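Report on the following structure.
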Amino acid sequence: MKTMLLLVLSMVAAARGATAQEDAQCVRERAAMVETIKNYARSRAIVSGQQGFSERVLEAMGQTKRHLFIPERSCSIAYADMPVPIGRGQTISQPFIVALMTELAEVAPDHVVLEIGTGSGYQAAILARLARKVCTIEIIPALAEAAAKTLKDLAYDNVSARLGDGYAGWPECGPFDAVVVTAALGQVPPPLIEQLKVGGRLVMPVGADYGTQHLTVVEKIAPDKTTTRAVAPVRFVPFTGSQGR
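In the numbering used here, the protein residues as written are 234 to 478.
Written out as structure tokens, the structure reads:
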């Protein structure tokens, strides 16, 4: 019995040591990811004419455990500046694009934000660190269920997630100070503009599935008036829903 107890304790200690080593690796990889984002932003200078991202966005990227939002749970994969498949033909966007979309949305602490395309839940988690409330919609049942569970398990209590067609938005959860759409469509869905507050911003990739897409910012400057600008060429998965492909 004593030998068995010692064996169990040894296994527990080994497991804890492995977890600690993994956590340390993740911290290093995440810090390196943030530095990559900073350097890339400075070299491209495409963030609203600035030479980098706000500290709030960088802190959110540095604090959010991206590896917990991908199937492999691998730090080396999660924090590389590349998109990662999450199943059902979908991906989690590369960290720089997540940071860029978040920066362009200009999320403030008292904001209510709508996200269309929950995916793994990672973008919602980033937004949740910056906003008062995040409402996120995913049309693929398996992804919606998994993301909702991950966000709940990680105690993102200011995120409301549901299964549905994001084209129609979520009027009961709004109106919104910002809207972030994580899939490409040929035009901006009118319901999302309607649910956007005056002074609010919508950020999404606009363009054909297999043609040119541009990350686009729409600002609502009056109840019936918006301004639109294309920020950068991008490549996103197609919008899935009633007005998708």
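For each residue, glycine too, the CB sits at the ideal point set by N, CA and C. Quantities reported herein were computed from a predicted structural model and do not represent experimental measurements.
Query                                                                                                                                                                              : Result
Could you name the residues of the same chain whose beta carbon sits closer than 7 Å to that of R468, not counting the 5 residues immediately before and after it, in chain order? : Q446
So is K235 buried or exposed if we call it buried at 16+ other beta carbons inside 10 Å?                                                                                           : Confidence is the limiting factor: at K235 the pLDDT is only 48, short of 50, which leaves the residue's position unreliable, though a coordinate-based value still follows. Exposed, by the Cβ-count rule.
Within the continuous beta strand (DSSP E) that includes P466, where are the two ends?                                                                                             : K458 to V467
Starting from M315 and walking both ways along the beta strand (DSSP E), at which residues does that stretch end?                                                                  : No beta strand (DSSP E) holds M315; DSSP gives it neither H nor E.
Within the same chain, show all residues whose beta-carbon is closer than 7 Å to that of A381, passing over the 5 residues directly before and after it, in chain order.           : A394
So what does V414 bridge to, in DSSP terms?                                                                                                                                        : I349
State the DSSP-derived secondary structure class of R263, mapped to helix, strand or coil.                                                                                         : helix
Classify M315: buried if its beta carbon has 16 or more other beta carbons within 10 angstroms, exposed otherwise.                                                                 : exposed
Can you tell me whether DSSP reads S276 as helix, strand or coil?                                                                                                                  : helix
Check this for me: beta carbons of F472 and G433, under 8 Å apart or not?                                                                                                          : no
Once the 5 residues before and after W403 are set aside, which same chain residues still bring their CB inside 7 Å of it?                                                          : L347, C368 and I370
Cutting at 6 Å between CB atoms, please list the residues of its own chain near A364, excluding the five before and the five after it.                                             : V340, H344 and V346
To the nearest angstrom, how far is it from the Cα of D398 to the Cα of T415?                                                                                                      : 13 Å
Return helix, strand or coil for F409, following the three-state DSSP convention.                                                                                                  : strand
Can you tell me which residues form a DSSP beta bridge with T440?                                                                                                                  : The sequence given here places Gly at residue 440; Thr does not occur at that position. Its beta-bridge partners are Q446.
If you compare alpha carbons, which of M334, F329 and S309 is closest to I270?                                                                                                     : F329
If we count Cβ pairs, one from each stretch, closer than 8 Å, do we get three or more for the stretch 412-428 versus the stretch 385-392?                                          : no
Buried or exposed for T460, please, with buried defined as at least 16 other CB atoms from any protein chain shown within 10 angstroms of its CB.                                  : exposed
Please look up how many angstroms separate the CB atoms of L418 and V439, rounded, as I've assumed it's under 8 Å.                                                                 : 7 Å
Which class does R289 belong to by DSSP, given the choice of helix, strand or coil?                                                                                                : helix
Starting from R395, follow its DSSP beta bridges and name the residues at the other end.                                                                                           : I370
On the CB-based measure, 16 or more other CB atoms within 10 Å of its CB, does A257 come out buried or exposed?                                                                    : exposed
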